[in-house]
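Read the structure below first, then the notes.
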Amino acid sequence: MKRYTWLPIVHRSIASKSLIGSVWQRLGTEVTAVEFLGHVGGMGIDMEVSRTFQRVLTKQGLKFMLETKVTSASRSGSIIKVNLEQVKDPSKKQTLECDVLLVCIGRRPYTENLGLQNVGIKLDEKGRVPVNDRFQTTVPSIFAIGDCIRGAMLAHKAEDEGIICVEGMAGGAVHMDYNCVPSVIYTHPEVAWIGKSEEQLKQENVKTPYFSALGDDYGVQYKIGKFPFIANSRAKTNNDADGFVKIIGDKATDRILGAHIVGAGAGEMIAEAALAMEYGASCEDVARVCHAHPTLSEAFREASLQAYCGKAINFG
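Structural data, given as structure tokens:
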């Protein structure tokens, strides 16, 4: 690994939600993030959270080039030249010069040359191993979990799959709700989410006879509770009050459909949302749980309270 005794000027190419370059930025370097998508944070992130996330990182000094892709990179002495083009208009090209290039282009399953075809296992179009709900492959005695099968490539997802897979082998019940698997971006501020975003609910357009009878054109009717960290005493004491907690609940049943957090400690706080959703909790259930004061987690309770009854205690 190359060691630097100086802080480089970094133009970073990134096509994922792992915004590692923000660390370099806080150390005093100049960072440009080149993102293929039209927003920061990757797939699945709530757009309101994404916009706030980008605004905070921009305030820290990061520069973003959205809807842009890297076509090539070459080194000329100590300078790296990165060739770029716009996704929507490939004729618009430009070149960035930098000292260091951090390449974060996602991952793919490491399934080649394992001899899977020799035992009768065929990979899907993305090189993943097809499995059933018990994680069995097409060969019943061979199981697969983690990054080599469908779904997000997350360590905690793979861990749960491993536990459930072995329990299934021993004759136990097999069930995993992927809607309750959290995602976290370990930057500062952190970003974390679980369940459905507003965009997903609208896109899925899930209808029931009850809602169809009401003439609902947007699928499940949902409600939102938000609480900003600027109104949280612990966040203000820490002088780290950017961001908010956003809770999405079913308007008819009050059940929590999703939780989205941008702010300090988001990666820790999302565990409360995961627990609540695994047990089918409502916004009211969380709102009535006593949270210690002063803590950042009070913001989660306040957002749940606003989703439940339309008003938080310390905001609005």
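Offset between the sequence shown (1-based) and our numbering: plus 142.
Cβ coordinates follow ideal geometry from the N, Cα and C atoms, glycine included.
Determine the burial state of residue i: buried for a count of at least 16 other Cβ atoms within 10 Å of its Cβ, exposed for fewer.
i, result
"THR379", "exposed"
"TYR421", "exposed"
"ALA418", "buried"
"ALA334", "buried"
"PRO324", "buried"
"ALA445", "buried"
"GLU254", "exposed"
"LYS338", "buried"
"PRO370", "buried"
"ARG443", "buried"
"CYS290", "buried"
"GLU346", "exposed"
"MET185", "exposed"
"PRO251", "buried"
"VAL119", "No information on residue 119 is available, as it lies outside the stretch 143 to 458 that the chain covers here."
"LEU343", "buried"
"LEU399", "buried"
Pull up the distance between the alpha-carbon of residue i and that of residue j, whole angstroms please.
i, j, result
"LYS223", "GLY367", "46 Å"
"LYS201", "SER192", "14 Å"
"THR395", "ILE306", "30 Å"
"ILE389", "HIS181", "21 Å"
"GLN196", "ALA383", "15 Å"
"GLU332", "GLN167", "15 Å"
"ALA413", "GLU239", "41 Å"
"LEU226", "LYS393", "45 Å"
"HIS402", "LYS264", "37 Å"
"ALA377", "GLN259", "54 Å"
"HIS435", "SER375", "9 Å"
"ARG397", "GLU190", "21 Å"
"ALA406", "ASN381", "10 Å"
"CYS432", "GLY391", "20 Å"
"TYR364", "PHE457", "21 Å"
"SER439", "TYR328", "18 Å"
"ALA157", "GLY183", "Caution applies to ALA157, whose pLDDT of 32 falls short of 50 and renders its modelled position unreliable; the value that the coordinates give is listed next. Between ALA157 and GLY183, the C-alpha separation is close to 10 Å."
"VAL387", "GLU303", "28 Å"
Verify whether the separation of the beta carbon atoms of residue i and residue j is less than 8 Å.
i, j, result
"THR174", "MET207", "yes"
"VAL308", "ALA408", "no"
"GLU209", "GLN236", "no"
"GLY385", "VAL198", "yes"
"ARG292", "ARG270", "yes"
"CYS246", "ILE162", "yes"
"PHE178", "LYS211", "yes"
"VAL261", "ILE287", "no"
"ILE336", "ALA415", "yes"
"THR194", "VAL404", "yes"
Would you list the residues sitting across from residue i in a DSSP beta bridge?
i, result
"ALA215", "VAL224"
"TYR364", "ASP392"
"GLY257", "Answer by DSSP bridge pairing: none, since GLY257 is not bridged."
"SER192", "DSSP output for SER192 lists no bridge partner at all."
"HIS402", "TRP335 and LYS388"
"GLU410", "Answer is none; GLU410 lacks a bridge partner."
"PHE485", "Outside the modelled stretch of the chain, which goes from 143 to 458, sits residue 485, for which no answer is possible."
"LEU296", "According to DSSP, which records beta bridges pairwise, LEU296 is partnered with nothing at all."
Quick one: is the Cβ of residue i within less than 7 Å of any heavy atom of the ligand MN?
i, result
"ASN456", "Questions concerning the ligand MN fall outside what the structure shown contains, since it holds no ligand whatsoever."
Pairing CB atoms from the stretch 318–325 with CB atoms from the stretch 297–306, are three or more of them under 8 Å? yes
Taking one C-beta from the stretch 422–435 and one from the stretch 443–457 each time, how about it: are there three or more such pairs within less than 8 Å? yes
With three or more beta-carbon pairs closer than 8 Å as the criterion, would you say the stretch 204–221 touches the stretch 310–317? no
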